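Numbering-wise (this note's numbering), the sequence shown opens with residue 1 and increments by one. Built from N, CA and C at the ideal position, the CB exists for glycine as well. Keep in mind the model is a prediction, meaning the values are calculated, not measured. First comes the structure, then the notes that go with it.
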Amino acid sequence: MLKVTNLSKIYKTGSVEVRALDGVSFTVPTGDMVCIMGKSGSGKSTLLRQLGLLDRPTAGEILLEDTSVTRLPDSATSTLRLKNLGYVFQEYALLTELTAHENVYLPGMMLGGRGVDYKKRAADLLELVGLGNRIRHYPKELSGGEQQRVAIARALINSPKVIFADEPCANLDSISSKLVMETLVNLNRDTRVTIIFVSHDPDDKQYASSLIILSDGKIVEQDDMRAVTLDD
Ligand SMILES: Nc1ncnc2c1ncn2[C@@H]1O[C@H](COP(=O)(O)OP(=O)(O)O)[C@@H](O)[C@H]1O
Ligand SMILES: [Mg+2]
């Protein structure tokens, strides 16, 4: 479970202050698939970065399975990120010099352990996202949608508890977008990994079990959609 209480983030640029998040509170049960929506500049990426421990909030608290993770030392935060959290970004963020396979197993190697095990797991994960026949391809030899599915496999290498995806389909055509969203939905359904994703596309609500809408750094709407998404 992820519990957020009164989370605020103020960016200071010179004498200008931007209150990007303003007292946000909510709870995400384990296994949920949460969609965050809102206009450009409403604070979606800021919220995701605070939840993903990629930044530090100005005020408020985040509990990850009953442990407060808001004020841990940097080294503990890094380890927690590597072991428990996975990330998928709008621009894929794959290393161009590495193959799909190498991109996926690299974050596993960073935790120590046997390389051979991570290589096997990485190949299995690429198979899982439908890219079993692309593992030796370099990012430039893959379509945008394929690169994003490599990024999803990479996010899974250390069996995270939560995956954060910030507009994962923003650069994709509608067919690739559908494939990427279905990959995420299937993962959520099959492994019960909690997924929190940001989207611009109102249609993406169909993939979520709950919805948070932000405006000016505040939650203006919060819906539990589980009752209407029981399609399996
Ligand atoms: N690093 C930053 N420094 C200063 N202001 C920022 C920074 N990141 C975001 N902002 C501001 O915070 C607000 C929320 O931004 P963001 O979370 O990126 O919105 P969204 O993802 O919903 O488009 C915006 O007004 C933006 O200009
Ligand atoms: Mg954003």
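Distance check for residue j and residue i, CA to CA, integer angstroms please.
i, j, result
"P57", "V28", "18 Å"
"S40", "T70", "26 Å"
"V193", "L51", "15 Å"
"A151", "E61", "29 Å"
"R49", "E91", "15 Å"
"A208", "R149", "19 Å"
"M109", "S15", "43 Å"
"R189", "A122", "20 Å"
"E195", "E17", "Before going on, a small fix: residue 195 reads as Ile here, not Glu. So the alpha carbons of these two residues sit roughly 31 Å apart."
"T13", "S215", "21 Å"
"D124", "G31", "22 Å"
"G115", "I219", "43 Å"
"D173", "C35", "20 Å"
"K3", "K44", "17 Å"
"M33", "T67", "21 Å"
"L131", "H137", "10 Å"
"T191", "V185", "10 Å"
"L187", "L111", "23 Å"
"S75", "K205", "36 Å"
"R19", "K120", "45 Å"
"F89", "M1", "22 Å"
For residue i, which option in the options has the closest C-alpha, if you only look at C-alpha atoms?
i, options, result
"L53", "P73, M37 and S42", "P73"
"L80", "V88, F89, E65 and S215", "E65"
"G113", "I157, E182 and E141", "I157"
"I10", "M1, C35, T30 and A59", "A59"
"V129", "A93, R136 and Q147", "Q147"
"P107", "L98, L82, N186 and F89", "L82"
"D203", "M181, T67, R19 and S75", "M181"
"T77", "D55, F89 and L98", "D55"
"L98", "E141, K120 and L111", "E141"
Considering only the beta carbon of each residue, do residue i and residue j sit closer than 7 Å?
i, j, result
"N103", "R134", "no"
"D201", "S210", "no"
"G217", "L179", "no"
"M37", "I163", "no"
"T96", "P139", "yes"
"Y105", "Y87", "no"
Am I right that residue i and residue j are in contact with their C-beta atoms under 8 Å? What's the rounded C-beta distance?
i, j, result
"D22", "S8", "6 Å"
"T46", "S25", "15 Å between Cβ atoms; not a contact."
"A165", "F197", "4 Å"
"S177", "S143", "In fact, because the Cβ distance is near 12 Å, the residues do not count as touching under 8 Å."
"P160", "L63", "Actually they do not touch by this definition, with Cβ atoms about 17 Å apart."
"L126", "A93", "L126 to A93, Cβ: 17 Å. No contact."
"S199", "E167", "6 Å"
Which residues neighbour ligand 1 when neighbourhood means a C-beta less than 6 Å away from any of its non-hydrogen atoms? List them by chain order.
Y11, T13, V18, A20, G38, S40, G41, S42, G43, K44, S45 and T46
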